[in-house]
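Participant:
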Amino acid sequence: MKAIVNVNRHWGIGREGDLLTVIPEDMKFFRKATAAKIVIMGRKTLDSFPGMKPLPGRVNLVLTSDPERIKPASREASDAFFPDIASESSRQRLDELTRRVLDSPQLKASERPTVLASARRIEDVLDFCSSYQEDDIYVIGGASIYKKMLPYCTSCLVTVNDCEILPDTWFPNLDATDGWKHSVKGEEKEYEGIHYRFDTYVKA
Ligand SMILES: NC(=O)c1ccc[n+]([C@@H]2O[C@H](COP(=O)([O-])OP(=O)(O)OC[C@H]3O[C@@H](n4cnc5c(N)ncnc54)[C@H](OP(=O)(O)O)[C@@H]3O)[C@@H](O)[C@H]2O)c1
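For the record, in the sequence shown the residue sitting at position 138 is 118 according to my numbering, with numbers rising by one throughout.
#1: Could you tell me whether the Cβ atoms of V(-13) and F151 are closer together than 8 Å?
#2: Please classify P4 as buried or exposed, where buried requires at least 16 neighbouring CB atoms within 10 angstroms.
#3: Would you say the beta carbon of L146 comes nearer than 7 Å to a heavy atom of ligand 1?
#4: My assumption, with CB atoms under 8 Å, is that L43 sits in contact with A(-17). Please give the rounded CB distance.
#5: Under the DSSP definition of a beta bridge, which residues are partnered with W150?
#6: Tell me whether F178 sits in a helix, a strand or coil according to DSSP, three-state version.
#7: Given this structure, state the Cα-to-Cα distance separating I120 from P93, to the nearest angstrom.
#8: Give every residue of the same chain whose Cβ lies closer than 8 Å to the Cβ of I125, excluding the five residues on either side of it in the sequence, and list them in chain order.
#9: Since G31 and S90 should fall inside the 8 Å C-beta cutoff, what is the C-beta to C-beta distance between them, to a whole number of angstroms?
#10: May I ask whether a heavy atom of ligand 1 can be found less than 7 Å away from the beta carbon of A123?
#11: Buried or exposed: where does M7 fall if 16 or more other Cβ atoms within 10 Å of its Cβ makes it buried?
#12: At a cut-off of 7 Å, is T180 close to ligand 1 when judged by its beta-carbon and the heavy atoms of the ligand?
#13: Start and end of the beta strand (DSSP E) containing M21?
#14: Could you tell me the alpha carbon to alpha carbon distance between S111 and G173, rounded to whole angstroms?
#15: To the nearest whole angstrom, what separates the beta carbons of I(-7) and A123, a pair I think is in contact under 8 Å?
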């Protein structure tokens, strides 16, 4: 699986439950990379989405200690909600819908099912993901999930920006993490005074 993240120069990723900065080209890059994929996130990241809606046309796997914490707004915005991915009784239907999402990248997001499923344990996420190709799975945050899932990622798509807002949440510093190699350094770009580039790190 891959992680996809937007960090500042100090690996900061958020403040007070929100992103540090929104760069339209980065949003577009994120939408394109994760279209028709499985996206893994923490419950607080789901809550941070506009209207608390899961990402459309994707399989949204949300880690929470209690599925009741997934808000009605999130459930209602999905075509199917699975409160526990470890449940045998719903697994077949979840797999069917996941295949439909993964097999239809040519469709618009609104034409694919929006699936929401929750997991209480990282092990349950890994068990579910073991049935799918690693290129189809993206870890999308936030800080607690990046940290816990990084050992299972083989590459990270990292948008680096020079936003100066003081963060309160961080991604692990891959330049200082054994076993990771900075493989692509993108060209410098600029949006409303913020400089950014699209980098890639891979497991060495
Ligand atoms: N820059 C970026 O690319 C990016 C991307 C995503 C998010 N963010 C930012 O990151 C921040 C949110 O990060 P965060 O760390 O505070 O929250 P988070 O990782 O999104 O969610 C944390 C929640 O996930 C659940 N959780 C975590 N580990 C679990 C486990 N092992 N088993 C079961 N549930 C588990 C818990 O939910 P319960 O409390 O329900 O039990 C926990 O409270 C926000 O500021 C957001 O904007 C930035």
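Think of the CB as a built atom: it goes at the ideal place given N, C-alpha and C, for glycine as much as any other residue.
Facilitator: By the coordinates alone:
#1: In the sequence shown, counting from the first residue as 1, residue -13 sits at position 7. In the sequence shown, counting from the first residue as 1, residue 151 sits at position 171. Yes.
#2: Numbered from its first residue, the sequence shown carries residue 4 at position 24. Exposed, since its Cβ has fewer than 16 Cβ neighbours within 10 Å.
#3: Walking along the sequence shown from the start, residue 146 turns up at place 166. L146: no, Cβ never under 7 Å from ligand 1.
#4: The sequence position of residue 43 within the sequence shown is 63, counting from 1. The sequence position of residue -17 within the sequence shown is 3, counting from 1. L43 to A(-17), Cβ: 14 Å. No contact.
#5: Position 170 of the sequence shown holds residue 150. Bridge partners of W150: G(-8).
#6: As a first step, residue 178 must be located in the sequence shown, where it is residue number 198. Looking at F178 - three-state DSSP - the assignment turns out to be strand.
#7: Here residue 120 is taken as the residue at index 140 of the sequence shown, counted from 1. Here residue 93 is taken as the residue at index 113 of the sequence shown, counted from 1. One C-alpha to the other measures close to 19 Å.
#8: As a position in the sequence shown, residue 125 is number 145, starting the count at 1. Contacts found: I20, M21, G22, T25, L43 and V119.
#9: Taking the first residue of the sequence shown as 1, we reach residue 31 at position 51. Taking the first residue of the sequence shown as 1, we reach residue 90 at position 110. In fact, because the Cβ distance is near 15 Å, the residues do not count as touching under 8 Å.
#10: The residue you call residue 123 lines up with position 143 of the sequence shown. Yes, since a heavy atom of ligand 1 falls inside the 7 Å radius drawn around the Cβ of A123.
#11: Translated into positions along the sequence shown, residue 7 becomes position 27. That one is exposed.
#12: Reading the sequence shown from its first residue, position 200 is the one you call residue 180. No, the Cβ of T180 stays beyond 7 Å of every heavy atom of ligand 1.
#13: By 1-based counting over the sequence shown, the position of residue 21 is 41. Note, M21: beta strand (DSSP E), I18 to G22.
#14: Sequence index remark: in the sequence shown, residue 111 carries index 131 (1-based). Sequence index remark: in the sequence shown, residue 173 carries index 193 (1-based). One C-alpha to the other measures close to 43 Å.
#15: Taking the first residue of the sequence shown as 1, we reach residue -7 at position 13. Taking the first residue of the sequence shown as 1, we reach residue 123 at position 143. 6 Å between Cβ atoms; contact.
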